[in-house]
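Input: a single structure, listed below in structure tokens.
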Amino acid sequence: MPAAFESCVHAHGRVRTVTPKSGTYIHVCFKDGKSYAGEVHHKKAALSSASRDTRHRKKGKVGL
12 MPAAFESCVH AHGRVRTVTP KSGTYIHVCF KDGKSYAGEV HHKKAALSSA
62 SRDTRHRKKG KVGL
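Residue numbers (the numbering used here): 12 to 75.
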């Protein structure tokens, strides 16, 4: 994160999340009438229900 943003956060500035485009977001800190932008982040794609089911399935014994 940028140094100015980090120092604003440590000085108890208000942090808000801004979504400039679909799929991205930026944390912005506001302190004493000034704003300090953090890094641009990209949202992770949502998992489909099929992949969610396979991730949480327990592995059983194979071929008994």
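We treat Cβ as the ideally placed atom computed from N, Cα and C, and that holds for glycine.
G44 counts as exposed, since fewer than 16 other C-beta atoms from the protein chains shown sit within 10 angstroms of its C-beta. Each of V39, A48, V51, G34 was checked against the Cα of A57, and the nearest Cα belongs to G34. In the displayed model, A48 falls within a strand according to three-state DSSP. In this structure, the beta-carbon distance from F16 to Y36 does not fall below 8 Å.
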